[in-house]
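To keep things clear, I will list the structure first and then write my remarks on it.
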Amino acid sequence: MTGKVRELDNREYQEESRSMLADKKILLIKELQKLKGEKILITSVLGDEESFSFADQLKAVLHMAGWQVRGVHVSMFTEPQKGLNIVVNNKEYEDKARYLFSVFKSAGLYFNIEVNENQRETLGILVGEL
9 MTGKVRELDN REYQEESRSM LADKKILLIK ELQKLKGEKI LITSVLGDEE
59 SFSFADQLKA VLHMAGWQVR GVHVSMFTEP QKGLNIVVNN KEYEDKARYL
109 FSVFKSAGLY FNIEVNENQR ETLGILVGEL
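For the sequence shown, our numbering begins at 9 and goes up steadily by one.
Structure follows, in structure tokens:
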């Protein structure tokens, strides 16, 4: 069962590719170190090189902040996956998702938050297509 906890629109503007500037990476690493040791799964869309590339950038930042990162996994979906998504597998982890949302927002990255009980990890990031 998939249920939306809260959906926040991250499509204020469209770009050809997503990337993080060095100063934003430093900001993210500093903030994300507050949850050092946390486990997270990162997934991108099969066949979308841009989503994989950006997912790999997120993986590097989280890894440098001391997180235990699984992925970047590449998955095929039955419906188009768009934008940046923080996914938790139960509502008990919404606070962590909201924290991540605020940290990424401070760096100019806008995510949706959703609950997907089928996700293996308690916390994940899905990088969809632009």
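Glycine included, every Cβ here is placed at the ideal spot set by N, Cα and C. Quick caveat, the model's predicted, so the values are computed rather than measured.
Residue i - DSSP class collapsed to helix/strand/coil
i, result
"glutamate 122", "strand"
"phenylalanine 102", "The sequence given here has glutamate at residue 102, not phenylalanine. Three-state DSSP puts glutamate 102 in a helix."
"leucine 131", "strand"
"lysine 44", "coil"
"serine 52", "strand"
"glutamine 89", "coil"
Residue burial classification, residue i (beta-carbon count within 10 angstroms, cutoff 16)
i, result
"glutamine 89", "buried"
"alanine 63", "buried"
"serine 27", "exposed"
"lysine 67", "buried"
"glutamate 100", "exposed"
"leucine 131", "buried"
"serine 114", "exposed"
Length of the line joining the Cα atoms of residue i and residue j
i, j, result
"alanine 73", "tyrosine 118", "20 Å"
"lysine 104", "serine 83", "24 Å"
"glutamate 39", "glycine 55", "32 Å"
"serine 61", "asparagine 120", "19 Å"
"glutamine 7", "asparagine 126", "As displayed, the chain neither begins before 9 nor continues past 138, which places residue 7 out of reach and without an answer."
"isoleucine 37", "serine 110", "13 Å"
"methionine 32", "leucine 43", "It should be noted that the sequence gives lysine, not methionine, for residue 32. Taking the straight line joining both Cα atoms gives about 18 Å."
"valine 135", "leucine 49", "11 Å"
"histidine 71", "threonine 51", "15 Å"
N-terminal and C-terminal residue of the alpha helix (DSSP H) that residue i is part of
i, result
"serine 27", "First-last for serine 27: undefined, no H or E at that position."
"glutamate 57", "57 to 72"
Neighbour flag for residue i against chain D, beta carbons, 8 Å
i, result
"glutamate 137", "Here there is only one protein chain, and chain D is not present."
Cβ separation of residue i and residue j, assumed to be a contact under 8 Å, to the nearest whole Å
i, j, result
"glutamate 122", "valine 80", "Contact doesn't hold; Cβ gap of about 19 Å is too wide."
"glutamate 58", "leucine 138", "6 Å"
Residue interval of the beta strand (DSSP E) (run including residue i)
i, result
"glycine 79", "76 to 83"
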